[in-house]
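Presented below is the structure to which this report refers.
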Amino acid sequence: MKLKGRNKVNPEFSMSSMTDIVFLLLVFFMITSNSPNALDLILPKAKGKSTNTQNVSVSIDKNLNFFIDKRPIQIDNLDAELKAALTGVENPTIILRVEESVPIENAVTVMDVANQNHYKVILAVRPK
Numbered sequence: 003m004k005l006k007g008r009n010k011v012n013p014e015f016s017m018s019s020m021t022d023i024v025f026l027l028l029v030f031f032m033i034t035s036n037s038p039n040a041l042d043l044i045l046p047k048a049k050g051k052s053t054n055t056q057n058v059s060v061s062i063d064k065n066l067n068f069f070i071d072k073r074p075i076q077i078d079n080l081d082a083e084l085k086a087a088l089t090g091v092e093n094p095t096i097i098l099r100v101e102e103s104v105p106i107e108n109a110v111t112v113m114d115v116a117n118q119n120h121y122k123v124i125l126a127v128r129p130k
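Written as structure tokens, this is what we have:
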């Protein structure tokens with residue numbers, strides 16, 4: 003008398019649910035990792051030491067006057083003036099000083115010129 007066991011374990015494993023999860027994770031990471039290129043800013047802490055890596059200082063006052071190292075310049079000449087001030091400098095760094103009432107577009111103009119020329123930008127802040 004042969005009796006067959008009815009509780010036989012099936013050795014096959016369905017991979018369809020696993021592939022669905024892997025596919026969804028792949029799509030999720032592809033969507034979230036596709037971020038636009040942003041300007042690299044190094045924001046110093048409000049409390050702490052100041053950096054001495056300054057090569058040139060760009061300031062914008064509330065009247066939208068631009069200065070490089072306390073020397074007034076025209077916004078149209080910003081790129082040429084920065085190139086002249088930072089020629090031959092290794093790891094050129096710009097300290098950006100902007101008054102609170104200045105629209106952000108003016109600061110972004112300086113950051114865009116710095117990004118095009120591969121200059122590092124440090125945004126100056128007031129200590130708390």
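Count the sequence shown with my numbering and you get residues 3 to 130, in order.
We treat Cβ as the ideally placed atom computed from N, Cα and C, and that holds for glycine.
Quick caveat: nothing in here was measured; it's all calculated off a predicted structure.
Please say whether K122 and N93 have beta carbons closer to each other than 9 Å? yes
What is the C-beta distance between V58 and L84, in whole angstroms, given that I count them as a contact (C-beta under 8 Å)? 7 Å
Length at least 3, wholly inside the stretch 45 to 108: the beta strand (DSSP E) runs in chain order: 58 to 62, 68 to 70, 73 to 75 and 95 to 100
Once DSSP output is grouped into helix, strand and coil, what is the label at V11? coil
My understanding is that I77 touches T111, with C-beta atoms under 8 Å, so please give their C-beta distance in whole angstroms. 7 Å
Please return the same chain residues whose Cβ sits closer than 8 Å to the Cβ of Q118, not counting the five positions on each side in sequence. D81
Would you report the Cα separation of T95 and A116, rounded to the nearest angstrom? 9 Å
Distance between N9 and S16 (C-alpha atoms, nearest Å): 19 Å
Give me the Cβ distance between I62 and E101, rounded to the nearest whole Å; I'm assuming they're in contact under 8 Å. 7 Å
Extent of the continuous alpha helix (DSSP H) run through V127: Taken as a continuous stretch (DSSP letters only), V127 belongs to no alpha helix (DSSP H), as it is neither H nor E.
Cutoff 6 Å; reference V91; Cβ partners in own chain excluding five residues on either side: N57
By the 10 Å Cβ neighbour count, where 16 or more other Cβ atoms means buried, how is V60 classified, buried or exposed? buried
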